[in-house]
Amino acid sequence: DIGEHSYLPALLKGGVFDFDAIVYLVIKLIKNKGKAWLMGRLKEEGFAFDRIYIDEAQDSDIIQNYLVTILSEDDDKFPVSVTVVGDTKQSIYQWRSAYPEEFRAFYNEAKELKGKNRFDDLKTTWRLENEGTLGFLNGLFNNFSTVSQGLWDYEPARDALDENSAKTKSKKPNVKIIRLFKNTDLS
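Residue 2 is where the sequence shown starts when you use the working numbering, and the numbers rise one by one after that.
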C-alpha cells in the first residue's frame, strides 16, 4: 500500500518526511482549509510570500505543478505571481517523475495569455561562443527528435537556439568527442 494507507502513516510515525510527502500534505491542507487560510497563517507566522520562482521547471512533476497552480489562482486577498524558467531539451529527471510535457503545456498556455501576463521566449544562447557548436547542438537535438519518433518534444522553429552575435567568436565547432573505451565490444 502507498499513500494514506501505509506510506504517510509510516512517515508520520517516524517524524520524517520526503519532499513528495510534504508537497502532498500541503495540497491536502489547502484542499481542507483553503488557500486563504494557509496564506493567512503563513502571514501570521512571518512567512508570507507573493511570488514563486521556478527554475528548471521542465523537471517539475505533476503534483508540484498542481501546487503552484493552486497557489497562483486568482485571489485578490493573497495574489501570487509566478515566474517560470525551463527548457524541455534539458529535462533529465523523468526517472523521478519529472513531466516535461506539463511544462510544454504550461508554456503554451502562457503564450496564449500573453496579453494578460508577461511572456518572454528566450532563444538567444548566452553560454556558447561558437556558431559551429550551436549548429552542432541544434542538429543533435533535431536528430534526437527524429529518431525518437515523437517521444522527444523538439521543433526546430520553436526550440532551436539562436546565436548571440555579441558573444560569437568562431565558426569552427568547438566540440570534442572523447572515447572512454578503445574496445567497443562490451559483451
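Where is the CB? At the ideal position from N, CA and C, for every residue including glycine. Just so we're clear, the structure is a prediction, and the values are computed from it rather than from any experiment.
Kindly indicate which residue of ASN143, ASN165, ILE64, SER146 has the alpha-carbon position closest to the one of SER98. Out of ASN143, ASN165, ILE64, SER146, the CA that lies nearest to the CA of SER98 is found in ILE64.
Relative to the C-alpha of ALA161, which candidate in VAL148, ASN143, THR147 has its C-alpha closest? Of the candidates VAL148, ASN143, THR147, the one whose C-alpha sits nearest the C-alpha of ALA161 is ASN143.
Whole-angstrom Cβ separation of PHE50 and VAL85, contact assumed at under 8 Å? About 16 Å separates the beta carbons of PHE50 and VAL85, which is beyond the 8 Å limit, so they are not a contact pair.
Which stretch, first to last residue, makes up the beta strand (DSSP E) that contains SER82? In the DSSP assignment, SER82 falls within the beta strand (DSSP E) that extends over 82-85.
DSSP state of ASP163, grouped into three classes? Reduced to three states, the DSSP call for ASP163 is strand.
For ARG119, the nearest candidate out of LEU138, GLN91, LEU135, VAL83 (CA to CA): The option with the nearest alpha carbon to ARG119 is VAL83.
Simplified DSSP state of ILE93, which is helix, strand or coil: Coil.
So LEU12 packs on PHE20, CB below 8 Å; how close in whole Å? No, LEU12 and PHE20 are not in contact; Cβ-Cβ is about 11 Å, not under 8 Å.
Suppose you measure from the CA of GLU164 to the CA of PHE137; what does that come to, to the nearest Å? Whole-angstrom Cα-Cα distance: 12 Å.
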